[in-house]
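K.L.:
First, the structure itself, so that you have it in front of you.
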């Protein structure tokens, strides 16, 4: 691709990548972890993510228009970065397909209980493959279109405001807390995806507003999560909220429209687009890293290879327990990566700048 894209695309990429299927259970997770008025934890965790984004921003400002790939390859010996690339490539491929499998399992459980989950997963794999093999400009532009097709869903919980009661929020803040560390990581995982966006910055025009669009995308995600969790706390009691597996789905079942019988089903249909975008962006970076580490394989074969690895790697995941266990471990690793990566890059660039000054 010769012409670089406008940085405003980053706003849509950040939101579409961050907002994942965890939104359906986020009110319960905050309630179980932080207790009463746990929705207040959303902006607190969000501020932590803003700090991490600012670290990536420092890397971007000090990079002299180099991509993250170039910085990593400059920092590490050839064989070291190739091994690192292969690890990231395989790990993010499995991450992308585990997120997809989680969505597929939920859809199957709620709406298609008799359908073979592997057939549904195969269809999703084909959709992801066709999306990820498109031009990067097409992926960016399609993401914007998919954003506007799904943006209206944010307004749906507002339809429950007539039944919202402040008394259900209670006057207690963070009472009846449980495992704060584990729960905080779960809430943090709702914002994961921002770190992968920085691998796309070399496709975007360098601008003083680049980071602004990334911050705005993250803040929009935060606003969506706040709306969903706040309304959930005021719509049902705290005791009932912690017993609901997917509070957002239960909210939608209370919303009645004259022309739609099952609003939650419609929401899931449109939510498919977000899952595809998230999986595609992780897989796109995986493909690029694989190409940089193993040049002997024809470039057109790599997307097929990684899709096969992703499909087979998640094939044994049949039950909700299997998927949740596998996904929670992946989230722990990805959390460490998202924190450690910018710190290492900043230290390297700082040392390099000092040497250049000398």
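Numbering (the working numbering), first residue to last: 659 to 1016.
Heads up, the beta-carbon is just placed ideally off N, CA and C, and yes, glycines get one too.
For residue 947 and residue 905, what's the separation of their Cα atoms in angstroms?
P.N.:
Cα-Cα distance, rounded: 38 Å.
K.L.:
Consult DSSP for residue 698 and reduce its assignment to one of helix, strand or coil.
P.N.:
In the structure shown, residue 698 sits in a helix (DSSP, three-state: H, G or I).
K.L.:
Which whole-angstrom value is the C-beta distance of residue 756 and residue 935, which I expect to be below 8 Å?
P.N.:
Rounded, the Cβ-Cβ distance is 16 Å, inconsistent with contact.
K.L.:
Would you check if the distance between the CB atom of residue 663 and the CB atom of residue 862 is smaller than 8 Å?
P.N.:
Yes, these two residues count as a Cβ contact at 8 Å.
K.L.:
Hey, residue 841 and residue 690: beta-carbon distance below 8 Å or not?
P.N.:
For residue 841 and residue 690, yes; Cβs fall inside 8 Å.
K.L.:
Let me make sure I understand the geometry here. Which of 736, 719 and 754 has the alpha-carbon closest to that of residue 966?
P.N.:
When each option's Cα is compared against that of residue 966, the closest is 754.
K.L.:
Within its chain, find whatever has a CB closer than 8 Å to the CB of residue 933; leave out the 5 residues flanking it on each side and keep chain order.
P.N.:
Closer than 8 Å at the Cβ level, and outside the excluded window around residue 933, lie 678, 679, 757, 758, 761 and 782.
K.L.:
Where do the N-terminal and C-terminal ends of the alpha helix (DSSP H) with residue 860 fall, by residue?
P.N.:
Run containing residue 860: none; DSSP gives neither H nor E here.
K.L.:
Residue 811: which of 821, 839, 826 and 930 sits nearest, CA to CA?
P.N.:
Of 821, 839, 826 and 930, the residue nearest in Cα terms is 930.
K.L.:
Is residue 734 helix, strand or coil by DSSP?
P.N.:
Note: residue 734 maps to coil in three-state DSSP.
K.L.:
Count the CB pairs spanning the stretch 816-833 and the stretch 694-708 that are closer than 8 Å, and state whether there are at least three.
P.N.:
As far as the Cβ criterion goes, the stretch 816-833 touches the stretch 694-708, which means the pair count is three or higher.
K.L.:
Classify residue 975 as helix, strand or coil using the three-state DSSP reduction.
P.N.:
It is coil, neither helix nor strand.
K.L.:
Only counting runs of 3 or more residues, tell me where the beta strand (DSSP E) segments fall wholly within the stretch 821-893, in order along the chain.
P.N.:
Complete beta strand (DSSP E) runs here, min 3: none at all.
K.L.:
Using 8 Å as the threshold, is the stretch 782-802 in touch with the stretch 978-989, meaning 3 or more CB pairs across them?
P.N.:
Taking 8 Å as the limit for Cβ pairs, the verdict is that the stretch 978-989 does not touch the stretch 782-802.
K.L.:
For the alpha helix (DSSP H) containing residue 631, list its first residue and its last residue.
P.N.:
Nothing about residue 631 can be read from this structure; the chain reaches only from 659 to 1016.
K.L.:
Do residue 851 and residue 668 have their C-beta atoms closer together than 8 Å?
P.N.:
It is not a contact, given that the beta carbons lie outside the stated cut-off.
K.L.:
Could you tell me the distance, in whole angstroms, from the CA atom of residue 912 to the CA atom of residue 814?
P.N.:
Computed Cα separation, rounded: 11 Å.
K.L.:
Report yes or no: do three or more beta-carbon pairs, one from the stretch 954-966 and one from the stretch 717-736, lie closer than 8 Å?
P.N.:
In short, these stretches do not touch, since the Cβ pair count stays below three.
K.L.:
Assuming residue 673 and residue 879 make a contact with CB atoms under 8 Å, what is their CB distance in whole Å?
P.N.:
At roughly 5 Å, the Cβ-Cβ gap stays under 8 Å, so residue 673 and residue 879 are in contact.
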